[in-house]
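Peer 1: Numbering (mature numbering (1 follows the signal peptide of the UniProt record, and there is no 0)), first residue to last: -16 to -1, 1 to 405. Think of the CB as a built atom: it goes at the ideal place given N, C-alpha and C, for glycine as much as any other residue. Submitted below is the structure of interest, expressed as structure tokens.
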């Protein structure tokens, strides 16, 4: 981790040489007046940590480390050099927990520091937009320290932090998707009014139909593979209820009263939210410890009698389809949050520094849960076990998210005197 951070730091220093701002320590702490650049750099911190976490959880990493003479405890040693590194800690789910713990602490620290920054003239704004070299040092220091945390109950306790933080982050992802869908619809409708309206409206219709077709196909596959005639009652309820709720929000989005108060509301947004809801439903069902109701994608493709891919006991496998889709959505939402514009006044900050860091704090916890497949560490052994709390956290977040989107549709009707623009 330190080596990767050092390389990225060198890249940061090199890029500073092209800047016009005066730099300290050979140009290693530039400042930027562009809020988008600042958010992108902080997002790169998160993405770099994610990349390192992915590398450290890959199978066979511990075997390769043990080939280094004198590196791991219990391995072949160099004469006169005492083995000090526990390779079981720096790879696998333990390394993911510690790396994400370090990133979460880093972003939470900056979220606290940047509380109530209302103007770019605040001295803390300079800290937000500059001193990147020292920020890397802080992150590296926290990361190194995280690997000295004793095992004990750390993983179990941090698992519950991850569950709560991921629940909130899933809701934030939904809010970002709603914002993206509104912006998308508004931009294409505006283009249609100014230019070739047939082409733009055809595009809107095509994507809306695509989202609904994918959602309907997902529902069919869920009933086929994640339910049993006399079992999996929870899954049947999850699928049916979310299907009904998705139909409701689609109908409400095109009601005349809603269209009158919100002309930009439409089926494009509802279809995208429906598709995201189906993903969260799928993600919830894949966390069910009942193997009869939770077949792996590999077993479905190969018709294997084993419900899960063969792996060593306790080995976490995040690279299934659900985990990969989750990472793609995470990357999209993180980058979108970094580049989206703000409607704040020009004499103030263009975005909330504190909330942006809090969002990255939650994203660190979400990455931890995604890479470890939402498995719960067993403090009495090295096993990672799927658990029902993860199922209920995910599915309840889908219900709350649908309720939140429904509220954005009906709120102007219920509270007509409030400005929701």
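#1: Under the three-state reduction of DSSP, which class applies to residue 360: helix, strand or coil?
#2: Helix, strand or coil for residue 248, going by three-state DSSP, please let me know.
#3: Please work out which residues of its chain come closer than 6 Å, Cβ to Cβ, to residue 398, disregarding the five sequence neighbours upstream and downstream, and give them in chain order.
#4: Hey, how far is the Cα of residue 322 from the Cα of residue 341?
#5: Tell me where the alpha helix (DSSP H) around residue 271 begins and ends.
#6: So, with DSSP's three-state summary, where would you put residue 170?
#7: Are the CB atoms of residue 277 and residue 212 nearer to each other than 8 Å?
#8: Looking only at its chain, what residues have a beta carbon closer than 6 Å to the beta carbon of residue 33, apart from the 5 residues adjacent to it on each side?
#9: Do you know how far the Cα of residue 97 is from the Cα of residue 355?
#10: Among the residues of its own chain, which have a CB less than 6 Å from the CB of residue 145, if the five just before and after it don't count?
#11: Nearest chain B C-beta to residue 380 closer than 8 Å, yes or no?
#12: Exposed or buried, what is residue 391 when buried is set at 16 or more other beta-carbons lying within 10 Å of its beta-carbon?
#13: Do residue 162 and residue 246 have their beta-carbon atoms positioned less than 8 Å apart in this structure?
#14: Between the Cα of residue 263 and those of 234, 249, 223, spot the shortest distance and give me the residue it belongs to.
#15: In three-state terms, what does DSSP make of residue 215?
#16: Straight-line CA distance for residue 128 to residue 308?
#17: So residue 389 and residue 257 are supposed to be a Cβ contact under 8 Å. How far apart are they, rounded?
#18: Can we say the segment 132 to 140 touches the segment 333 to 349, given the rule of at least three CB pairs closer than 8 Å?
#19: So which of 387, 30, 357 has the shortest CA-CA distance to residue 120?
#20: Determine the DSSP secondary structure at residue 103, reduced to helix, strand or coil.
#21: Smallest Cα separation from residue 481: which of 165, 230, 343?
#22: Any idea if residue 327 is buried or exposed, counting beta-carbon neighbours within 10 angstroms, 16 or more meaning buried?
#23: Which class does residue 401 belong to by DSSP, given the choice of helix, strand or coil?
#24: Measure how close the beta-carbons of residue 265 and residue 206 come, nearest whole angstrom, since I'm counting them as under 8 Å.
#25: Apart from the five residues on each side of it in sequence, which residues of its chain come closer than 6 Å, Cβ to Cβ, to residue 37?
#26: Here's a check: name, in chain order, each residue in its chain whose Cβ is nearer than 7 Å to the Cβ of residue 221, leaving out the five neighbours to either side.
#27: Nearest to residue 275 by CA position, among 210, 148, 350, is which residue?
#28: Under 7 Å Cβ to Cβ from residue 311, same chain only, skipping five residues before and after it: list those, please.
#29: Kindly indicate which three-state DSSP category residue 97 falls into: helix, strand or coil?
#30: Leaving out five residues on either side along the sequence, give the residues of the same chain with a beta carbon under 8 Å from the beta carbon of residue 169.
#31: Find the nearest neighbour of residue 152 within the set 101, 123, 347, judged by alpha-carbon distance.
#32: Can residue 338 and residue 95 be called in contact, C-beta distance under 8 Å?
#33: Does the distance from the CB of residue 261 to the CB of residue 382 come in under 8 Å?
#34: To the nearest angstrom, how far is the alpha carbon of residue 26 from that of residue 358?
#35: From residue 116 to residue 199, what distance separates their C-alpha atoms?
Peer 2: Result, derived from the coordinates:
#1: Correct three-state label for residue 360: strand.
#2: In the three-state DSSP reduction, residue 248 falls in the coil class, being neither helix nor strand.
#3: Hits under 6 Å: none found.
#4: In a straight line, the C-alpha of residue 322 is about 11 Å away from that of residue 341.
#5: Membership of residue 271 in any alpha helix (DSSP H) is not indicated, and neither H nor E is assigned to it by DSSP.
#6: It is helical.
#7: Yes; because the gap between Cβ atoms is below 8 Å, this pair is in contact.
#8: Exclusion of the five residues before and after residue 33 leaves 83, 87 as the residues of its chain whose Cβ lies within less than 6 Å of its Cβ.
#9: Residue 355 and residue 97: Cα-Cα distance of roughly 29 Å.
#10: So no residue of the chain qualifies.
#11: In the displayed structure, chain B is absent; only one protein chain is listed.
#12: When all chains shown are included, residue 391 counts as exposed.
#13: No, they are not a contact pair.
#14: Comparing Cα-Cα distances from residue 263 to each of 234, 249, 223, the minimum goes to 223.
#15: Three-state DSSP puts residue 215 in a strand.
#16: Approximately 28 Å between the Cα atoms of the pair.
#17: About 5 Å separates the Cβ atoms of residue 389 and residue 257, confirming a contact at the 8 Å cut-off.
#18: Taking a contact to require three or more Cβ pairs closer than 8 Å, the segment 132 to 140 and the segment 333 to 349 do not qualify as touching.
#19: Closest option to residue 120, Cα to Cα, is 30.
#20: Coil, per DSSP.
#21: For the chain, the structure presents residues -16 to 405; residue 481 sits outside this window and is missing.
#22: The predicted position of residue 327 is uncertain, since its pLDDT is 49 and thus under 50; a value taken from the coordinates is nonetheless stated next. Residue 327 comes out exposed.
#23: The answer is coil: DSSP assigns residue 401 none of H, G, I, E or B.
#24: Between residue 206 and residue 265 the Cβ distance is about 7 Å, and since that is below 8 Å, they are a contact.
#25: Taken in chain order, the residues that qualify are 80, 83, 355.
#26: No residues qualify anywhere along the chain.
#27: The shortest CA-to-CA distance from residue 275 to any of 210, 148, 350 is the one to 210.
#28: If the five residues before and after residue 311 are omitted, its C-beta is found closer than 7 Å to the C-beta atoms of 354, all from its own chain and listed in chain order.
#29: Residue state, collapsed to three classes: helix.
#30: Excluding positions up to five away in sequence, the list reads 188, 248, 250, 252, 253.
#31: The shortest Cα separation from residue 152 among 101, 123, 347 belongs to 347.
#32: By the CB criterion at 8 Å, residue 338 and residue 95 fall inside the cutoff.
#33: Residue 261 places its beta carbon less than 8 Å from that of residue 382.
#34: Our two residues, residue 26 and residue 358, have alpha carbons roughly 25 Å apart in a direct line.
#35: Rounded to whole angstroms, residue 116 to residue 199 spans 43 Å at the Cα level.
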